[in-house]
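First up is the structure itself, then whatever we jot down about it.
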Amino acid sequence: MTHPVHKVTSFEIAGPYRLRVEFADGLSRTIDFRPVLEGELYGPLRDPRVFNAVSLDPEVHTLVWPNGADFDPATLHDWSEHEAAMAALAKRWAISADSGKRAG
Numbered sequence: 000m001t002h003p004v005h006k007v008t009s010f011e012i013a014g015p016y017r018l019r020v021e022f023a024d025g026l027s028r029t030i031d032f033r034p035v036l037e038g039e040l041y042g043p044l045r046d047p048r049v050f051n052a053v054s055l056d057p058e059v060h061t062l063v064w065p066n067g068a069d070f071d072p073a074t075l076h077d078w079s080e081h082e083a084a085m086a087a088l089a090k091r092w093a094i095s096a097d098s099g100k101r102a103g
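Just so we're aligned: the sequence shown equals residues 0 to 103 in numbering that gives the first Met the number 0.
See the structure below:
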């Protein structure tokens, strides 16, 4: 069984925490990242300056941020299938981060 390999070819900022993403297969999708911006890796992207520093990694064909955050291009391509699970994970990351702050 083969799985399609999705590649991000371009993107543009479409609003606060929103990106319009173009893929090699012609799909275009606007993604609101706000629900997943939690935790150690994605939480810093809540700063609009950090979020807007997004770039396209030409080697792995996905979106990357200066702090090392990125998303699998297949997840971005099929965002509607993954969005709820990613948001649920983000809630756990937020709880985990809050617990760590209280313990420290």
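Every residue gets a Cβ at the ideal spot worked out from N, C-alpha and C, and that includes glycine.
This structure is a prediction, so every number in the text was calculated from the model and none was measured.
Just to confirm the assignment, what range does the beta strand (DSSP E) spanning L55 have? Residues S54 to D56.
Three or more C-beta pairs under 8 Å: does that hold for the segment 82-94 against the segment 17-26? Contact between the segment 82-94 and the segment 17-26 is not established, with fewer than three Cβ pairs separated by less than 8 Å.
Could you give the DSSP three-state label for F50: helix, strand or coil? Correct three-state label for F50: helix.
Assuming V35 and P43 make a contact with CB atoms under 8 Å, what is their CB distance in whole Å? Contact between V35 and P43 fails: their C-beta atoms lie close to 13 Å from each other, not under 8 Å.
Euclidean distance between Cα positions of L9 and A83: In the sequence as displayed, the identity of residue 9 is Ser instead of Leu. Rounded to whole angstroms, the gap between the alpha carbons of S9 and A83 is 24 Å.
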